[in-house]
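Using this note's numbering, the first residue of the sequence shown is number 362, and each one after it goes up by one.
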Amino acid sequence: NFYEKGIIKSIVDIYDLHKRKEELEEMEGLGKKSVKIILDGIEKSKEKDFKILLPSLGFSEVGHKVTELLIENGFESIDLIYKLIESPTSYETLKEIHGLGERTSASIIEQLKDKENKKLISELKKRGLNFTSKGIEKSNKPIFKGQSWCVTGSFENFNPRDKAMELVIFYGGKKVSSISSKTTHLLTGEGGGSKLEKAKSLGVQIVNEEEFIKLLESVGYNI
């Protein structure tokens, strides 16, 4: 066992195993063929997309869903995420992302500002791991470009309602979890509640389900 023998003490050590190739080949139960398979697998793992890599590092609250939300909102690399984290408005920006919230936003900032975590990411970058995502597939008809959408209520054709927000992103928009002065549109269904009232007070454009479907149909999307 590599851990018991002290060969691997951290994730970084895994990516330095090639430096101990001959030592590994001499270990009981291994040999050249087995070591080659191990080292080839490690090398191949460097190609994994950022959306798989970041959650695998084990940072609290930074799992697959959170990573996907960051990428969906334009933070497609660790450099872009750190640029956000170092910004004085990072907390406000994060908690506006639909699906994050206050606790998760605070935890993301805390985890990524942690010195040991920053060092880990830096060392893994040096070893060639992929800290940039291929991004989210998007339409070549970005009808929602430059728009920030929030959603409230329930819908006949979008259940769960996140399906509607996925289409907003696909067609170039952004989704946010709460209404603010930066929100451009509110998609409203049955039982809109407080978000609807706040949107009206801020002059946010209100779009109902039928109107939203017509917008989608204008670019050839059929429900």
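Heads up, the beta-carbon is just placed ideally off N, CA and C, and yes, glycines get one too.
For clarity, every value in this text was computed on a predicted model and none was experimentally measured.
Proximity below 8 Å, CB of residue i to CB of residue j
i, j, result
"V529", "F492", "no"
"L481", "V373", "yes"
"K502", "N434", "no"
"R522", "G489", "no"
"L547", "T513", "yes"
"I469", "E422", "yes"
"L431", "I442", "yes"
"S466", "F411", "no"
"I446", "I403", "no"
"G496", "E437", "yes"
"K499", "G533", "yes"
"L400", "L391", "no"
"F516", "E570", "yes"
"N518", "I567", "no"
"H362", "F420", "It should be pointed out that residue 362 corresponds to Asn in this sequence rather than to His. Taking 8 Å as the Cβ cut-off, N362 and F420 do not qualify as a contacting pair."
"V396", "K382", "yes"
"T428", "L415", "yes"
The alpha helix (DSSP H) enclosing residue i, as first and last residue numbers
i, result
"N305", "In the structure displayed, the chain extends from 362 to 584; residue 305 sits before or after that span and is not available."
"Y582", "Taken as a continuous stretch (DSSP letters only), Y582 belongs to no alpha helix (DSSP H), as it is neither H nor E."
"I439", "439-446"
"E457", "Looking at the DSSP string, E457 is not in any alpha helix (DSSP H), and its letter there is neither H nor E."
"E498", "E498 -> no alpha helix (DSSP H), and no H or E assigned at all."
"K432", "Lys is not the amino acid found at residue 432; the sequence shown has Ile there. Looking at the DSSP string, the run of the alpha helix (DSSP H) that includes I432 is 425-433."
The beta strand (DSSP E) enclosing residue i, as first and last residue numbers
i, result
"V512", "509-513"
Residues sharing a beta bridge with residue i, DSSP
i, result
"V373", "Answer is none; V373 lacks a bridge partner."
"N569", "T549"
Residue i: CB within 7 Å of a non-hydrogen atom of the ligand SAM
i, result
"K524", "No copy of the ligand SAM occurs in the structure displayed, which carries no ligand at all."
Touch test, the stretch 508-527 against the stretch 540-547, Cβ-Cβ under 8 Å, three pairs minimum: Proximity of the stretch 508-527 to the stretch 540-547 meets the contact definition, three or more beta-carbon pairs being nearer than 8 Å.
Secondary structure, alpha helix (DSSP H): runs of 4+ residues fully inside the stretch 375-417: Entirely contained in the stretch 375-417, the alpha helix (DSSP H) runs reaching 4 residues are, in chain order, 382-386, 393-406, 411-417.
Beta strand (DSSP E) runs contained entirely in the stretch 512-566, provided each spans 3 or more residues: The qualifying runs are 546-549.
Answer yes if the stretch 443-459 comes into contact with the stretch 367-381, meaning at least three C-beta pairs across the two stretches below 8 Å, and no otherwise. Segments in contact, no.
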